[in-house]
Every structure is written in C-alpha cells, then in structure tokens.
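Asker: Just so we're aligned: 2272 in my numbering is position 834 of the sequence shown, and the numbers increase by one with no gaps anywhere.
All residues carry an ideal CB built from backbone N, CA and C; glycine is no exception.
Got a structure for you, written out below as structure tokens; questions coming shortly.
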Amino acid sequence: MYISVPQTLCASHALPTIPGDNSHYVEGESRYIWMPDGEGKPVLVDLHEPVDEALLNSRNGANNAYWLFTRSNPNNAQVIVNGNANTIWSSNYSGARPLKVIVHGWNNNGNTAMNPLITSAFLAVMDCNVIVVDWRALANSAYNTAAAGVPSVGQHLGNFVNWLINTAGGNWNQVHFVGFSLGAHVVGNAGRQVSGRAARITGLDPAGPGWSNNGNALNSNAGQYVEAIHTDGHLLGIFNPVANADFYPNGGKNPQPGCWASTCSHGRSTELFASTVRHNHLIGRQCPNIWEAELGTCSGASLHMGNSVVSKRGQCPNVWEAELGTCNGASLHVGNPFLNNHGMKSIVILAALVALCSGNAIPTIPGDNSHYVEGVSRYIWMPDGEGKPVLVDLEEPVNEEAARNGANNQYWLFTRSNPNNAQVITHNNVNSIRNSNYNGNRPLKVIVHGLNNNGNTPMNPLITSAFLAVMDCNVIVVDWRGAANAGYNTAANAVPSVGQHLGDFITWLIRNGGGNMNQVHLVGFSLGAHVVGNAGRRVGGQVSRVTGLDPAGPGWHNNGNALNRNSGHYVEAIHTDGHILGIHHAIGNADFYPNGGKNPQPGCWVSTCSHGRATELFASTVRHNHLIGRQCPNIWEAELGTCSGASFHMGNSVISKRGNAIPNIPRDNSHYVEGVTRYAWMSNGNGYSELVDLEEPVDEELLEATRNGANNQYWLYTSRNPTNPQVIVHGNANSIWASNYNGARPLNVIVHGWKNNGNTPMNPQITSAFLAVQDCNVIVVDWRALADSAYTTAAAGVPNVGVHLGNFVTWLINTAGGNWNQVHFVGFSLGAHVVGNAGRQTGNRPARITGLDPAGLLWHSNANRLSPSNGQYVEAIHTDGDVLGIMNPSGNADFYPNGGKHWQPGCANQANDCSHGRATELFAATVRHNHLIGRQCPNIWEAELGTCNGASFHMGNSIFTKRGNGLYALRTGSTFPF
C-alpha cells in the first residue's frame, strides 16, 4: 500500500510519497522510513534529521528508570533507584534468584505491551527477578536523537546491574539481558560495559536504520552467549548476523505470517520470544549461509530459538535458517501465533528435540499427536492456558501436596447484574453470599476449566456470556488453578478432591442461599469434565444436568473417577478430540461426536485446537440451540458420521433436557404449517439460523423487566450526522436540544426485528437511503433488551415496545415540533408489528407505515399484528410468506415480489432468513430509486403466481403522500438495486 504524506518540512520542501510497506527502503541510501510509535502505529522518520544535542545531554542514561517485577509482585512495579540501597531492601529483589532485564525500543516505555508480555512469560516458568528498563525520556525523542543516546543508556544500565549485584547479591552467570529494536543495541552496550560477563543477551530484531556499520551495535562480545532474532531484516531490523546465534524465522524479513507491514513484522520478534520462553517449542535448522537462511532451505543441526535457559549456548560457523530456527543465522518457519481464518489460535508445531534435566533426550513427538496410543505412549502435546501446545510427560511423578486439596477452589459468581466482574463466594462464609447478587430463585450454572487454565481462561467468559444472554441465572466459575497448573499428572490426581469440594460447596450454597438441585447444570472441560462428574456424584447425582466438554482422555479410560452417567439426572458429553486429548468412548446418557468426534475438527490442524473446539461448540449451542445430531447404532457409525436415526439437540441451556429425540427439522422450513408446527428455523442477529421452539414458555420475569419504555433507545441520524447517532432520551428535552433534530424536517422511524439491534445492517442501509433522497430526521429504535430474548418472549413484548415508541414520537413532536403528515414508520419482521402498535398508540396519525415482511410465526391470528388501520397509509412487502413472514394481506397495499415467498432471487438453496431479510434490501433500493412497480392482482393466489396485470403501483419509496389499496405482484433481480 502506498500512502501519500501531505507534510512539509520547516523549509517547506515537500516529502516524496513513501510506500507504507517500506518497499522503497535501502540501508544507507533512503532518507525516509516508516517506523512504529508506542502504539504500533506507523510514523514517518527522517533519517537525516539532526541529532538534538541539548536533549541528548539532558536526557542521558542517568534518566533510566528500573522497575522490578517478581512472583510476589507480577503486575505492580517496584522502582529501584541506582545508588539508593534502601530501594532494594524495601523491594522483593532476591540475589539468590536469576535476573532478567528487558529493554524497550524507540517510542516505547516501561508500560509498552512487550514488557508485560515478556515479564509474565519469565515469571510463569521460573522464580526470578525481572527488571524492566524505562528509558522513555530519550526513547520518545526523534529517532536519530534516540539512536545517538543508545550507548549512554546502555552504559548506565550496565553500571546499574553491576551496582545491584554488588549491593544485594546476584550472579553474572544468572543474568539475561533482552532488548527490542534500539533496546537490542542498548543491552549490547550494557553487556560490554560489564565486560561481557552476562550469561545471555538476546536481541529482538535489533534496529537496522543507522546500525549496519555502527561500532555501538549489538555484537557477540556483549555477553557469554549472544542471540539475535531477525523478523524485519533490511528494513526496521538489521539483517546481517550480529551474535553467536542468529535466528531468521520465516526468512527473517517482512511480511511475517499475519503481518502486512514491516512495523508488524518488526514487533513480531517480541511475541515469538515470549512464546518460546513459555513453551520452548520453536526450533531452527543450521544454515551454511545467510542466503539459505532467507530462503528457509536449511537442513543442518537443530537449535532452540529463544527460551529462558540462562545456560543456553550455541555457536554456529554459519547461519540458522528461521524457517525452522537456527544458530548464528538460524532459519525458522513459524505460523501466525494469533488467529487463522477460522478464528482459532494456531501455530506450526515442529518436531521437538528437548532435553530433560537429567540429560536424557526425549524422542521426536509429532505436533499432531498422531503417535499417541492410550496406555502406551509416554509423551503428548497438550494446550496451556493460552491454547498453545506444551509437551507433557505422562510418567512425571505426582506432586502429592498439590494434588490433595480441593479446599483451594475459588468460586466466582456472575449474573446479569455483574456479567463481567466476578463476585467471590467463599465456602462456609454466608456473608459472601449475602453480599453478592446470588439469587436462589434463579437457575445455577457451574463452569469448570481444565489443565493449565484458570477462571480467566477464555472458555469461561465465552460460556458465561452465552448463558447470561439467554437466561437470567447464576453462573459460578470454578477456579482450581492451584492444582490445574501443577503438571498434568498432579492435576489429574487432584480431580476427585476438587470435585468433592465443589459438590460440598454447591450443597452448602443451596442450603444457605436458596436454590434447587433440579435447576443446577454443571459444565466442565477436559479434566474439568471429570471434576463435575465427581461433584455430581458427591451430591448423590441430584443435579439436573452435567455436560462434559471433550472429557480428558490420557489416564482416564478405565478410571473409576471419570465422568459417568451416575453424575446427574442427565449427563451429556461432547467429543471433539477422541483417542488423543479427549476420551472417545461413550460415557454419558447422550454422547455427541461432531465431525466424527476426533481431530482434525473443521478449522483445526492439531489436537489442541480440536480439543478446545468443544467449548466453542457448546457456547454456540447455548446461544442458538442450532446443532442437531442424528442417533447412531454404534460408535463406529458415529465416527464415520453415517447415522440417520432420531434427531437430538447437542448442548444448549435447557435445564430439563433429557435424552428424548425431537423430530428432524428441515433447514428450509418446508415442514412448517402455521398453528400446527412446533419448531422452525429462524435467523438471528449473527447471520445464523437458530431452531426456535414456538411452545417455549414466555419469560415473564424478563418481559416485566423490559416492559419499561426506558429500555427502548432512540438514535437520531440527520444529514449533519449521517453515521454517528445522537441519543434522544424519552422525557429529557435537553437531549433533543443538544441534537440535530429539526421539527421542520420529515421524520422516518426504523425498527429492527428479532435478535437484531440498532447496529444491524438493515438500519444503516435504510437510514443512508432516506438521507440520500431527502433532508430528514431518521430515528433508529434499538429494542435489543427484549429482542435478544427467546422468540416467544420477544413476540409477547412487541405490543408494549410499540406503545412506548408511539408515546415517544408523540412527546418528541409535542416538545420539539413536527407534523404527523410527515411521519413514516418502517419496521422489519417483529419490528413491523412494533410499528403497527406504535401507530395505534398515536391514534393512527402517521402518514405512512411500512411493514417489511411482517413476522409470521405466532402472528396470523394475533390481534396485535400490523393492520391497515394503524396509519393513514399502511403498506406491507412480503418476501417469505407462510414461513418467517406473514402471507396474508396486512396493509392498505400489500406487495408480493417474486410471489412473496421463499426463495427470493439470489436466495436459492439458502435458508429462509435470506428471503425474509430481502424485504429490507428491496425497500432501501426503492427509497433510493423508486423503480420497482407492481401490477394489481384480483386475489392472493395470482399474487403468489405473479400472473397479475392490473393497475401499476410503485412499491416502497419515501413519498409521504403515497396512497393506494390492493394486492400487487412484481418481479425483481437478484442483486441490489434489484
């Protein structure tokens, strides 16, 4: 991408256009280059800019700040002041622990993301002192000035560490300096200042511009072992070997996987290093020269890149390719450590050649665990708390002390009143219940994580938010990290104790805070599945539901403490990585095997991903209840996916769920008969189809809570703010005066449907159409508080939402002006019935009301539906009649484009939601172009057939004086404007 930079220098000379990807840059020749600022955003740097000598002298290395972090204060820094011994004594520094020193780069500071990223990685794997050096006083100056100050910053750092060790103890053989970009050259100077005594120095993509032939650059004399990781060579980073071992992941240049700009590739070195500290999993192959390192064609000896091993050594006569990792020029191919196009974490797992403390080599373990045989294999890759693979030794001795005590469990409560901030309930402390939002009248959901996880692991908020989105309940997240993070064998041995303590906690909670075991649902992932199994048995199998999400497999196949069907009234298991990380044989009343129940699941390449997929599938079913299995005669057909028996929903949040099959529901709703059929597929706000039970009881408590019109939000758009809404609050006149509302302009009101909100695409699409053809006020009504509930509940609330909307518009016009002859209500699906009720509430005064495929399910004989009397002129556009939309006439004029039913053009072989939503697109097109014309029909059957040839009449548009009667048919195209 090329970015034109409309800047001028003080001398008024225009800058040339500088490509945003720095593809123009040649070291020693180019004057300008894009570099990242403290937030990673590109800043254009002039490499010829004079050094600010005055600033350089005033902000020398004496301004360095030194922030100490230890396991006792992992997040809150303790400042140690050079020369002030009291600042050491009052800190958690211990000379008996290794010392890690981290130095940031240009435009960064001690709070820049790389520092906590690397600090937390070090503290996760070892008990050490971590010093973060903050040299922002100079680093935040112009690049040339900051670069010129690097030697002074490094020398002061070296003197500081020397003083620290001499004063409070320490060992140079336990010192590791780590620096990024300019910080890499800082640690090089620091290392030389202490005569190369530091055990290790790591340069993370050492800065390139101005450093290729600079005697102050990082070099192999800076420490006992010096390593460099190159990720943006020839641009922001230096490319030539500078250390004992140089690694070139993915060729050592831009673009790194997942990056488009060199600023991203430059910073990638910090992320790769932090990852290796935690997992020590990236391995390079030695290269004969730098060209092969760049190409990634190296096949020499292996060497780990990065990690935290202070005694690490590695010297190569040549270079390590960064396609697999190298030494003194190592090359390593690393996948995108963030997200692949399926939204799942992924990295490329390489054959691991790891040495145990005893010096015995581990055999090469395939990253996909394809070697694994239960009861035979010793090693297996398992995910850590971030979903990254860690090699586990299944014969590792158990830490008996850590495995024994489930009393360390923590219980975090979330409710709709505190959906994000946990309230801790302490077992046997009744006040902790009374001081919380726990309500014994609500159902109770309990979520338990797995190995190497904790209460903050993403699966917990993912499932918690899903439960709270669909029901008013108590959610308890169990944090048992004390044992879960103690190694697999130790954690597995702790499971019975953790589960028994959980069972006792639930019994105590219900006894003291109220509740009912018939309203309790336990959910556990991996080892957590066996935890909830033990908890359920602890309470005599009284809980209503237990769900095991890919219950852990290694060590559990013939284990009497595993999850089983005696753990609750109804026990369900979802298997996604059977035979490897998950157990494969059936263990519940109902066992689901999505995609065969094994690795690879869709979007996954490794078993760690497939294992975790169970949590995502379950959370999705809680929100949408859309995944349905077919019963299998045996496990082999389940694995093959060839089953054709009775249908049954997987997952969901229904507490009373039992193993009774529901009928198979066609995705095209071809089975549906109004007033007869119980189930139908409907579109939700996320573009998915959701199976709806039309006999589901209305949530009266939620309905009552959302009947308050204050839950409706009213967002104003005008030509002065076409994309940024101004919120008008009913009853607050100041919110009108502070807005762009003008009573002299027409008013268009738009109301969304089920599972939608004010940001749903139909709203900006129709809003922009109105503003394109007339100077008007547009009010978008957001009624998500009720619209996001179950369909039956949302439908029951429609009249009240409409009444409050009618009252709001009446107040708005009475307060700030307006004319009912210039008011147009537009509603989609359930929203069509909302505007019908709003019109009735105003005495049918709006000039126009338009219903866009008014909702059909439960509305055919409903007196609160849209009707011709709701306004001066009422029009309906039918696009999915007899299914999601109503087919019978609903207005003064009813239009039936393409027969008014599924499939609309362009919706072939798609679900009904495409045809249903087409009404909004057709209407927006007519507002802009007023080009779709219907022919009057003598009856609805000809309208459906499209054989009408009566009088012509425009469909839709924005004309307030429009009037007409009858049924109209027309044909449209398949794409906008149709």
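Please confirm whether Phe2263 and Arg2278 have their CB atoms less than 9 angstroms apart.
Answerer: Result no, Cβ atoms of Phe2263 and Arg2278 do not sit closer than 9 angstroms.
Asker: Return the Cβ separation of Ile2025 and Asp1988 in integer angstroms, given the expectation that the two are a contact with Cβ distance under 8 angstroms.
Answerer: Not really, about 11 angstroms apart at Cβ, beyond 8 angstroms.
Asker: Given that a residue counts as buried once 16 or more other Cβ atoms are within 10 Å of its Cβ, and exposed if not, what is Ile2188?
Answerer: Per the 10 Å Cβ criterion, buried.
Asker: Applying the criterion that 16 or more other CB atoms from any shown protein chain within 10 Å of the CB defines a buried residue, is Glu2133 buried or exposed?
Answerer: Result: exposed.
Asker: Rounded to a whole number of angstroms, what is the C-alpha to C-alpha distance between Lys1883 and Gln2039?
Answerer: Approximately 27 angstroms, taken between the alpha carbons.
Asker: So what does DSSP say about Ala2099, is it helix, strand or coil?
Answerer: Residue confidence is low: Ala2099 scores 47 on pLDDT, short of 50, so the model does not pin down where it sits. No coordinate-derived value is stated.
Asker: Exposed or buried, which one is Ile1871 when buried takes at least 16 other CB atoms within 10 Å?
Answerer: It is buried - the Cβ of Ile1871 has at least 16 other Cβ atoms within 10 Å.
Asker: Would you call the region 2186-2203 and the region 2224-2231 in contact, with 3 or more CB pairs under 8 angstroms?
Answerer: Yes: the two stretches touch, three or more of their Cβ pairs being nearer than 8 angstroms.
Asker: In its own chain, which residues sit with a C-beta less than 6 angstroms from the C-beta of Pro1536, not counting the 5 before and 5 after it?
Answerer: These residues qualify, in order along the chain: Cys1566, Gln1612 and Val1748.
Asker: What is the residue span of the alpha helix (DSSP H) that Cys1702 lies within?
Answerer: It spans Ser1700 to His1717 - the alpha helix (DSSP H) in which Cys1702 sits, taken as one unbroken run.
Asker: Between which two residues does the beta strand (DSSP E) carrying Leu2290 extend?
Answerer: First-last of the beta strand (DSSP E) with Leu2290: Arg2286 to Leu2290.
Asker: Assuming Gly1993 and Ala1922 form a contact by the criterion Cβ under 8 angstroms, report the distance between their Cβ atoms to the nearest whole angstrom.
Answerer: That pair is no contact at about 15 angstroms.
Asker: Could you tell me if Arg2409 is buried or exposed, where buried requires 16 or more neighbouring beta carbons within 10 angstroms of its beta carbon?
Answerer: Classification for Arg2409: exposed.
Asker: If you scan the region 1843-1927 from start to end, which runs of the beta strand (DSSP E) of 3 or more residues do you find wholly inside it?
Answerer: 1848-1853, 1856-1863, 1882-1886 and 1912-1917, all fully within the region 1843-1927.
Asker: Determine, using beta carbons only, whether Phe2416 and Ala2381 come nearer to each other than 9 angstroms.
Answerer: Their beta carbons are not under 9 angstroms apart, which means Phe2416 does not touch Ala2381 by this criterion.
Asker: Which whole runs of the alpha helix (DSSP H) in the region 1587-1674 are 4 residues long or more, in chain order?
Answerer: Counting whole runs of 4 or more residues, the region 1587-1674 contains the alpha helix (DSSP H) stretches 1620-1631.
Asker: Which runs of the alpha helix (DSSP H), 4 residues or longer, sit entirely within the region 1949-2021?
Answerer: Correct list: 1965-1976.
Asker: Excluding five sequence neighbours on each side, which residues of the same chain lie with their C-beta closer than 6 angstroms to the C-beta of Gly1951?
Answerer: The answer, listed in chain order, is Ile1871, Tyr1876 and Gly1878.
Asker: Which of the three DSSP states, helix, strand or coil, is assigned to Pro1536?
Answerer: Pro1536 falls in the coil class under three-state DSSP.
Asker: Between Glu1491 and Thr1583, what straight-line distance do the alpha-carbon atoms span, to the nearest angstrom?
Answerer: Whole-angstrom Cα-Cα distance: 8 angstroms.
Asker: Examine the Cβ distances between the region 1884-1900 and the region 2067-2081 and report whether three or more of them are shorter than 8 angstroms.
Answerer: No: fewer than three Cβ pairs fall under 8 angstroms.
Asker: Checking 9 angstroms against the spacing of the C-beta atoms, do Asp2320 and Gly2294 come in under that value?
Answerer: In contact: Asp2320 and Gly2294 (Cβ atoms closer than 9 angstroms).
Asker: Among the residues of its own chain, which have a CB less than 8 angstroms from the CB of Gly2309, if the five just before and after it don't count?
Answerer: Phe2263, Gly2277, Asn2282, Arg2283, Pro2284, Ala2285, Arg2286 and Ile2287, listed in sequence order.
Asker: Which word fits Ile1863, buried or exposed, when buried means at least 16 other C-beta atoms lie within 10 angstroms of its C-beta?
Answerer: That one is buried.
Asker: Taking only three categories from DSSP, how would you classify Thr2364?
Answerer: Correct three-state label for Thr2364: helix.
Asker: Can you have a look at Ala2171 and say buried or exposed, based on whether 16 or more other CB atoms are within 10 angstroms of its CB?
Answerer: Classification of Ala2171: exposed, given that the 10 Å Cβ count is below 16.
Asker: Could you compute how far the alpha carbon of Arg1574 sits from the alpha carbon of Ser2177?
Answerer: Near 43 angstroms, if we compare the C-alpha coordinates of Ser2177 and Arg1574.
Asker: Classify Trp1649: buried if its beta carbon has 16 or more other beta carbons within 10 angstroms, exposed otherwise.
Answerer: By the 10 Å Cβ count, Trp1649 comes out buried.
Asker: Closer than 7 angstroms by C-beta to Ala2057: which residues in its own chain qualify, once you throw out the five before and the five after it? Chain order, please.
Answerer: If we look at Ala2057 and ignore the five residues flanking it on each side, its Cβ neighbours are Leu1900, Ile1901 and Ala1904.
Asker: Counting C-beta neighbours from all protein chains within 10 Å, is the total for Val2114 16 or more, i.e. buried, or is it exposed?
Answerer: So Val2114 ends up on the exposed side.
Asker: What is the DSSP secondary structure of Leu1832, counted as helix, strand or coil?
Answerer: Leu1832 falls in the coil class under three-state DSSP.
Asker: Can you list, in chain order, the residues of its chain with a C-beta nearer than 7 angstroms to that of Ala1606? Leave out the 5 residues immediately preceding and following it.
Answerer: Within the same chain, Ala1606 has close Cβ partners Ile1526, Tyr1531 and Gly1533.
Asker: Would you decide whether Gly1608 is buried or exposed? Buried here means 16 or more other CB atoms lie within 10 Å of its CB.
Answerer: Looking at its Cβ environment, which holds 16 or more other Cβ atoms inside 10 Å, Gly1608 is buried.
Asker: Check Trp2192 in the structure and name its three-state DSSP category.
Answerer: DSSP places Trp2192 in coil when its eight states are reduced to three.
Asker: Tell me the start and end of each unbroken alpha helix (DSSP H) in the region 2220-2282 that is at least 4 residues and wholly inside, in chain order.
Answerer: Entirely contained in the region 2220-2282, the alpha helix (DSSP H) runs reaching 4 residues are, in chain order, 2222-2225, 2229-2254 and 2268-2279.
Asker: Between which two residues does the alpha helix (DSSP H) containing Gly2067 stretch?
Answerer: Element bounds for Gly2067: not the alpha helix (DSSP H) but the beta strand (DSSP E), Ile2066 to Arg2068.
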